[in-house]
Amino acid sequence: MVTATVNGLGLHHTAVGSGPSVVLVHGSWGDAGNWLPVVPMLARHCTVVSYDRRGHSRSERPPTAGSVHDHVSDLAALIEALDLAPAYVCGNSYGALITLRLAVAQPDLIRGIAVHEPPGVPLLSGDPAFAAVVEAFGQRIAPVRRLLEAADDAAAAELFVETIALGPGQWAQLPEPVRRTFIANAPTYLDELRDPDCLTIDRNALATYTKPVLLTRGDQSPPMFAPILDRIATALPHAERHVYVGAGHVPHMTHPDDYARITLDRALR
4 MVTATVNGLG LHHTAVGSGP SVVLVHGSWG DAGNWLPVVP MLARHCTVVS
54 YDRRGHSRSE RPPTAGSVHD HVSDLAALIE ALDLAPAYVC GNSYGALITL
104 RLAVAQPDLI RGIAVHEPPG VPLLSGDPAF AAVVEAFGQR IAPVRRLLEA
154 ADDAAAAELF VETIALGPGQ WAQLPEPVRR TFIANAPTYL DELRDPDCLT
204 IDRNALATYT KPVLLTRGDQ SPPMFAPILD RIATALPHAE RHVYVGAGHV
254 PHMTHPDDYA RITLDRALR
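Residue 118 in my numbering sits at position 115 of the sequence shown, with consecutive numbering throughout.
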């Protein structure tokens with residue numbers, strides 16, 4: 004893994020393989036290591052770049068909290084610095100929101116995107132049918148935030164995994180290195196919570212994106228992700244949809260063969 008200076012910060016990244024470029028954008032709490040199960044399969048056919056987002060793991064942490072806009076700018080600058088354009092960009096969770104925003108802001112840098120379960124909860128706000136979903140999300144986030152503000156990062160990471168991302172009992176199922184990464188990167192999630200734009204996405208702006216897009220979810224994921232993807236799909240009527248059977252919020256980690264197969268089918272078109 005090497006470092007590229009992007010927007011004044013050192014971002015650690017790995018580039019392997021050859022061929023059309025694929026860039027992998029991790030979600031909250033994680034880092035480039037989350038993509039390790041799928042990288043070898045993708046790299047047989049593509050140049051695969053994964054990186055630690057600003058503040059995460061081996062990348063430089065700025066003195067002030069970065070916004071979602073900073074993460075989008077970092078992704079764009081990394082693609083340009085490594086001469087990857089046009090890249091096929093895959094984002095998971097918060098990384099999916101970053102990917103969607105890049106598609107709107109600089110579509111010239113990409114040839115297509117695949118986004119898995121972006122946590123765009125504000126898309127459901129104001130709709131009585133989803134009032135309970137939005138309220139429940141807020142109730143689950145609040146104790147995680149309190150633990151983060153108290154610097155109890157280990158407890159916050161476990162609570163996030165168990166009650167928001169993966170489900171009861173899943174913290175113990177994560178490999179020890181992944182748990183350590185979540186704990187080490189816990190402060191970055193507090194940064195996200197303090198950013199008023201962190202979970203928002205402009206559906207009217209999305210409608211201007213005309214390149215290929217794949218929207219995916221797992222059939223074992225928390226139920227809020229399905230209606231969020233439905234809302235995004237209304238702005239992207241040409242989007243493909245896919246459900247990973249037996250998978251949840253991180254199919255690239257739990258079902259890497261399926262994830263690589265589905266991704267390559269689109270990335271190589």
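All residues carry an ideal CB built from backbone N, CA and C; glycine is no exception. Keep in mind it's a predicted model, so treat the numbers as computed, not measured.
For a test of the three-state rule: what should DSSP assign to Y298, helix, strand or coil? A query on residue 298 cannot be resolved here, the shown segment of the chain reaching from 4 to 272 and no further.
Where does H255 sit, in a helix, a strand or coil, going by DSSP? H255: helix per DSSP, three-state reduction.
Opening and closing residue of the alpha helix (DSSP H) in which L103 lies: The continuous alpha helix (DSSP H) containing L103 extends over residues Y97 to A108.
DSSP state of G94, grouped into three classes? Look at G94 here: in three-state DSSP terms it is strand.
Across which residues does DSSP place G115 in a beta bridge pair? Partner(s): Y91.
Considering T237, what are the terminal residues of the alpha helix (DSSP H) in which it resides? Segment F228 to A238, the alpha helix (DSSP H) holding T237.
By the three-class DSSP mapping on this structure, what secondary structure does T213 have? When secondary structure is reduced to three states using DSSP, T213 falls in the coil class, being assigned neither helix nor strand.
Is the beta carbon of P89 less than 9 Å from the beta carbon of I113? Yes, these two residues count as a Cβ contact at 9 Å.
By DSSP's criteria, L12 is part of a beta bridge. Which residues make up the other side? Secondary-structure assignment with DSSP links L12 through a beta bridge to V9.
Inspect the beta-carbon positions of I204 and L103 and report whether they are closer than 9 Å. It is a contact, given that the beta carbons lie within the stated cut-off.
Counting pairs of beta carbons, one from the stretch 145-156 and one from the stretch 228-242, are three or more of them closer than 8 Å? Three or more Cβ pairs closer than 8 Å define a contact, and the stretch 145-156 falls short of that threshold against the stretch 228-242.
Going by Cα to Cα distance, which pick from T166, E243 and G11 is closest to G58? Selection T166, E243 and G11 evaluated against G58 yields G11 as nearest (Cα-Cα).
For R244 and L209, believed in contact at Cβ under 8 Å, the rounded distance: At roughly 15 Å, the Cβ-Cβ gap does not stay under 8 Å, so L209 and R244 are not in contact.
Does DSSP classify L39 as helix, strand or coil? Three-state result, L39: coil.
Quick check for students: name the residue ranges of the alpha helix (DSSP H) that lie wholly in the stretch 122-171, counting only runs of 4 or more. List check, alpha helix (DSSP H) in window: 134-152 and 156-163.
Ignore the nearest five residues each way along the sequence and tell me which others in A168's own chain have a CB closer than 7 Å to its CB. So the list reads H252, once near-sequence residues are dropped.
Is R197 helix, strand or coil by DSSP? Assigned with DSSP and collapsed to three states, R197 falls in coil, not helix or strand.
Take T213 as the anchor and find which of A187, H48 and A242 has the nearest alpha-carbon. Closest option to T213, judged by alpha-carbon separation, among A187, H48 and A242: A242.
Straight-line Cα distance separating H72 from A79: Cα to Cα, A79 sits roughly 11 Å from H72.
Considering only residues of the same chain and omitting the five flanking positions on each side of T6, which have a CB-CB separation below 6 Å? Setting aside the 5 residues that flank it on each side, T6 is surrounded in the same chain by G13 and H15, each with a C-beta closer than 6 Å to its C-beta; the list follows chain order.
Identified DSSP bridge partners for H273: Only positions 4 to 272 of the chain appear in the structure, and residue 273 is not among them; the question remains open.
Within a Cβ cutoff of 6 Å, which residues of the same chain sit near P23, ignoring the five residues on either side of it in sequence? Excluding sequence neighbours, P23 sits near C49.
Here's the rule: buried if 16 or more other CB atoms are within 10 angstroms of the residue's CB, otherwise exposed. What is R197? Classification of R197: exposed, given that the 10 Å Cβ count is below 16.
Same chain, Cβ closer than 6 Å to P254, neighbours up to 5 away in sequence not counted: When the five nearest sequence neighbours on each side are left out, the beta carbons in the same chain lying within less than 6 Å of the beta carbon of P254 are those of G221, Y247 and Y262, in order along the chain.
CA-CA distance, S128 and E195? Distance between the alpha carbons of S128 and E195 is about 19 Å.
Taking P215 and G98 to be in contact with their CB atoms under 8 Å, please state how far apart those CB atoms are, rounded to whole angstroms. Not a contact, Cβ separation roughly 18 Å.
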